[in-house]
Amino acid sequence: DEHKVNGGKSKDEQLEKFRSDERDKHMTTNQGLKVSEDEFSLKAGERGPTLMEDFHFREKMTHFDHERIPERVVHARGYGAHGEFELYKSMKPYTKANFLQEPGSKVPVFVRFSTVAGSKGSPDIPRDVRGFATKFYTDEGNFDLVGNNMPVFFIQDGIKFPDLIHAVKPEPDTGYPQAASAHDTFWDFIANNQESAHMMMWLMSPRAIPRNLRMMEGFGVHTFRFVNEEGKAHFVKFHWKPTLGVHSTVWDEAQKINGKDPDFTRRDIHESIENGDYPEWELGVQIVPEEDEFKFDFDVLDPTKIWPEEDVPVEIIGKMTLNRNVDNVFAETEQVAFHPGHVVPGIDFTNDPLLQGRLFSYTDTQLIRLGGPNFHELPINRPVCPFHNNQRDGYGRQTINVGKTSYHKNSLAKNHPRPASEEEGGYVHYQEKVEGRKVQARSESFKDHFSQAAMFYNSMSDPEKKHIEEAFSFELGMVEDKDIRQQVVDMVSNIDLSLSQAVAENIGVDAPAEGGNDYKKISPALSQENTTHKAD
Ligand code: HEM
Numbered sequence: 003d004e005h006k007v008n009g010g011k012s013k014d015e016q017l018e019k020f021r022s023d024e025r026d027k028h029m030t031t032n033q034g035l036k037v038s039e040d041e042f043s044l045k046a047g048e049r050g051p052t053l054m055e056d057f058h059f060r061e062k063m064t065h066f067d068h069e070r071i072p073e074r075v076v077h078a079r080g081y082g083a084h085g086e087f088e089l090y091k092s093m094k095p096y097t098k099a100n101f102l103q104e105p106g107s108k109v110p111v112f113v114r115f116s117t118v119a120g121s122k123g124s125p126d127i128p129r130d131v132r133g134f135a136t137k138f139y140t141d142e143g144n145f146d147l148v149g150n151n152m153p154v155f156f157i158q159d160g161i162k163f164p165d166l167i168h169a170v171k172p173e174p175d176t177g178y179p180q181a182a183s184a185h186d187t188f189w190d191f192i193a194n195n196q197e198s199a200h201m202m203m204w205l206m207s208p209r210a211i212p213r214n215l216r217m218m219e220g221f222g223v224h225t226f227r228f229v230n231e232e233g234k235a236h237f238v239k240f241h242w243k244p245t246l247g248v249h250s251t252v253w254d255e256a257q258k259i260n261g262k263d264p265d266f267t268r269r270d271i272h273e274s275i276e277n278g279d280y281p282e283w284e285l286g287v288q289i290v291p292e293e294d295e296f297k298f299d300f301d302v303l304d305p306t307k308i309w310p311e312e313d314v315p316v317e318i319i320g321k322m323t324l325n326r327n328v329d330n331v332f333a334e335t336e337q338v339a340f341h342p343g344h345v346v347p348g349i350d351f352t353n354d355p356l357l358q359g360r361l362f363s364y365t366d367t368q369l370i371r372l373g374g375p376n377f378h379e380l381p382i383n384r385p386v387c388p389f390h391n392n393q394r395d396g397y398g399r400q401t402i403n404v405g406k407t408s409y410h411k412n413s414l415a416k417n418h419p420r421p422a423s424e425e426e427g428g429y430v431h432y433q434e435k436v437e438g439r440k441v442q443a444r445s446e447s448f449k450d451h452f453s454q455a456a457m458f459y460n461s462m463s464d465p466e467k468k469h470i471e472e473a474f475s476f477e478l479g480m481v482e483d484k485d486i487r488q489q490v491v492d493m494v495s496n497i498d499l500s501l502s503q504a505v506a507e508n509i510g511v512d513a514p515a516e517g518g519n520d521y522k523k524i525s526p527a528l529s530q531e532n533t534t535h536k537a538d
């Protein structure tokens with residue numbers, strides 16, 4: 003295709019070098035020695051003990067013993083596929099990112115979808131957030147858009163993420179429940195961390211039980227920054243919109259599917275790709291000029307807030323098509339390493355404190371999950387462009403770096419890798435002006451936990467509202483601690499009084515008498531007051 007960026011460099015061609023086709027071959031050891039026997043170990047006499055010198059037995063068993071790696075600490079259950087992204091509309095006025103310049107240009111992508119809370123073997127349709135992570139293999143390096151199927155998040159600062167996940171994962175004293183939502187620690191976290199109100203509404207909505215992976219949206223969630231050739235910056239949010247539209251299951255259906263076919267959504271996407279019925283998403287962007295940073299009644303860097311589409315329209319700029327299943331789920335889907343910090347020139351970060359926390363976490367976890375510092379050499383993680391630096395050695399190193407020197411600066415080697423200037427394509431961090439005192443706080447509007455939660459609820463149709471009421475009643479109804487049930491129902495009264503009253507009646511706690519979402523009144527002492535509320 004003449005329009006391919008990457009000078010036609012294809013991820014598939016790169017992967018081809020690593021494929022191994024075992025058909026019609028003799029079996030060998032890892033040393034290449036042909037094996038003559040693979041059913042009986044070597045013994046001292048027909049009825050004797052197995053001998054240590056049976057190298058094939060030892061090697062086969064040792065490798066098997068080490069086959070498992072840790073599952074991801076979150077998003078353990080996932081499914082991936084290859085595809086391509088094609089640009090419709092040049093983003094040149096906003097960003098110099100190469101893959102967003104020329105309409106018609108294409109780059110290879112790899113996507114991994116996931117649930118968040120369940121373990122690797124958990125069913126496909128729990129009530130949960132879905133991960134939607136895309137790796138764009140551009141000729142300027144990998145750009146990872148590591149998003150979810152909901153546009154906001156539970157917390158506003160990365161420092162709370164371990165707490166959130168500890169509350170969501172199976173309770174430590176019992177090892178259950180697997181479900182993301184239906185338990186005391188999860189709801190206790192929600193009640194005591196009320197910035198989760200907006201996300202809680204999304205989680206109780208049908209969005210949390212998608213029909214399948216092809217029919218859900220994706221969101222970058224955070225505010226990122228586009229930077230153009232002239233060095234001018236715009237705030238940007240990313241959206242994936244499925245061309246099949248957004249569809250959900252109903253809860254009863256989801257529960258039955260989980261029991262009968264826990265692989266339902268992975269089977270669906272695999273088969274649709276095999277059948278040539280390729281899943282597609284259009285990429286949309288919302289763009290806000292930097293000058294407008296303070297024009298909204300929320301902070302544009304608050305990850306618990308959306309930018310309402312009425313105020314900031316979503317502009318569709320391209321389309322992603324998933325057109326090839328993986329050859330090997332472990333090698334590709336499990337070993338892929340996404341990171342919101344993998345950016346290309348023209349895309350930069352903002353001071354969204356949740357994003358800032360994520361920038362630390364991903365490489366850190368992958369260092370243990372993927373066994374050391376060389377996982378960027380794994381085939382699925384390699385950029386399609388060359389990569390060179392002075393990093394060396396470490397477990398499992400594959401590259402044979404040639405030459406005497408591995409340091410900068412030096413004069414011994416004439417052509418050792420040297421930094422590129424901006425003109426040569428070097429990444430230059432956006433020179434945002436930063437000043438202030440060291441503080442552990444955020445702007446006042448971060449405390450408005452309920453306005454957008456209410457806006458979300460009010461935007462729902464009546465059947466959707468009914469689903470939300472039923473979801474709350476089911477999930478909260480399973481919570482054993484009556485205090486927690488009461489606290490959450492009281493919290494919901496700040497979003498919608500009649501919803502909270504209906505749920506209260508369904509689950510047998512006191513119906514809140516008044517609600518209201520004036521955060522200036524509610525928020526400051528909120529968690530204190532609510533935790534002391536006693537049910538009768
Ligand atoms: C996976 C941390 C918030 C989307 C992960 C992993 C960690 C992590 C440690 C496992 C990565 C791996 O083993 O390769 C965090 C932290 C967060 C945070 C510390 C908050 C500070 C978010 C948010 C989103 C998100 C807000 C969505 C916008 C994902 C996705 C994956 C993931 C999609 C799975 C990637 C894959 O399929 O391999 N996260 N996360 N995370 N996270 Fe986050």
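If you want full-length UniProt numbering, it's the 1-based position in the sequence shown plus 2.
For glycine and all other residues, C-beta sits at the position ideal for the given N, C-alpha and C.
What are the boundary residues of the alpha helix (DSSP H) that includes residue i?
{"i": "Lys262", "result": "Trp253 to Lys262"}
{"i": "Gln503", "result": "Leu499 to Ile509"}
{"i": "Asp146", "result": "It is not in any alpha helix (DSSP H) - Asp146 instead sits in the beta strand (DSSP E) that spans Gly143 to Asn150."}
{"i": "Asp26", "result": "Per DSSP, Asp26 belongs to no alpha helix (DSSP H) and is neither H nor E."}
{"i": "Pro153", "result": "Neither: Pro153 is in no alpha helix (DSSP H) and is coded neither H nor E."}
{"i": "Asn460", "result": "Ser453 to Asn460"}
{"i": "Lys468", "result": "Asp464 to Gly479"}
{"i": "Gln489", "result": "Lys484 to Ser495"}
{"i": "Asn194", "result": "Asp186 to Asn194"}
{"i": "Thr365", "result": "Pro355 to Arg371"}
{"i": "Asp165", "result": "Phe163 to Val170"}
Spatial neighbours of residue i within its chain, please: C-beta separation below 6 Å, excluding the five flanking residues on both sides.
{"i": "Gly405", "result": "Ala415"}
{"i": "Glu507", "result": "none"}
{"i": "Thr533", "result": "Since pLDDT at Thr533 reaches only 38, below the 50 mark, its modelled position is unreliable, and the value read off the structure follows with that caveat. Excluding sequence neighbours, Thr533 sits near nothing in its chain."}
{"i": "Ser502", "result": "Val491, Val494, Ser495 and Pro514"}
{"i": "Phe156", "result": "Leu166, Ser198 and Met201"}
Under DSSP, the beta strand (DSSP E) around residue i begins and ends at which residues?
{"i": "Lys13", "result": "Careful: Lys13 lies outside any beta strand (DSSP E), inside the alpha helix (DSSP H) at Lys13 to Glu18."}
{"i": "Phe138", "result": "Arg132 to Thr140"}
Flag this pair as yes or no: are the beta carbons of residue i and residue j separated by less than 8 Å?
{"i": "Thr267", "j": "Ile211", "result": "no"}
{"i": "Trp204", "j": "Ala473", "result": "no"}
{"i": "Ala135", "j": "Val113", "result": "yes"}
{"i": "Lys234", "j": "Thr225", "result": "no"}
{"i": "Arg132", "j": "Asn144", "result": "no"}
{"i": "Glu142", "j": "Gly427", "result": "yes"}
{"i": "Phe237", "j": "Val154", "result": "no"}
{"i": "Gly320", "j": "Glu284", "result": "yes"}
{"i": "residue 586", "j": "Tyr139", "result": "Residue 586 lies beyond the residue range present for the chain, which begins at 3 and ends at 538; the question has no answer from this structure."}
{"i": "Val287", "j": "Glu317", "result": "yes"}
{"i": "Ile486", "j": "Asp186", "result": "yes"}
{"i": "Leu369", "j": "Gln337", "result": "no"}
{"i": "Asp56", "j": "Ser43", "result": "yes"}
{"i": "Phe448", "j": "Asp301", "result": "yes"}
{"i": "Arg79", "j": "Ser116", "result": "yes"}
{"i": "Ala193", "j": "Val490", "result": "yes"}
{"i": "Ala184", "j": "Glu471", "result": "no"}
{"i": "Asp126", "j": "Asp265", "result": "yes"}
{"i": "Gly438", "j": "Ile161", "result": "no"}
{"i": "Met218", "j": "Pro179", "result": "no"}
{"i": "Ile497", "j": "Ala199", "result": "yes"}
{"i": "Ser461", "j": "Val505", "result": "no"}
{"i": "Lys94", "j": "Gln103", "result": "yes"}
To which residues of the same chain is residue i closer than 8 Å at the C-beta, ignoring the five residues directly before and after it?
{"i": "Asn327", "result": "Ala83, His84, His272, Ile275 and Glu276"}
{"i": "Glu4", "result": "Its pLDDT being 41, under 50, Glu4 is placed unreliably by the model, and nothing is read from it."}
{"i": "Glu15", "result": "none"}
{"i": "Thr52", "result": "Ser43, Leu44, Lys45 and Phe59"}
{"i": "Glu466", "result": "Ser207 and Pro208"}
My assumption, with CB atoms under 8 Å, is that residue i sits in contact with residue j. Please give the rounded CB distance.
{"i": "His469", "j": "Ser207", "result": "7 Å"}
{"i": "Gly374", "j": "Gly343", "result": "Not really, about 19 Å apart at Cβ, beyond 8 Å."}
{"i": "residue 2", "j": "Asn392", "result": "The question about residue 2 has no answer, for the chain in this structure spans 3 to 538."}
Enumerate in chain order the residues of its own chain whose CB-to-CB distance from residue i is below 7 Å, with the five nearest sequence positions on each side excluded.
{"i": "Asn403", "result": "Arg394"}
{"i": "Thr365", "result": "His341"}
{"i": "Leu17", "result": "Pro381"}
{"i": "Gly518", "result": "Asn496"}
{"i": "Asp483", "result": "Asp186"}
- Message: Please give the ranges of any beta strand (DSSP E) in the stretch 196-237, keeping only runs that are unbroken, at least 3 residues long and fully inside the region.
- Response: The stretch 196-237 contains these whole beta strand (DSSP E) runs: 226-229.
- Sequence ranges, beta strand (DSSP E) only - wholly within the stretch 64-112, length at least 3: You should have 80-89.
- Task: Scan the stretch 263-334 and note each continuous alpha helix (DSSP H) run of 4 residues or more that stays entirely inside, going in chain order.
- Result: Runs found: 266-276.
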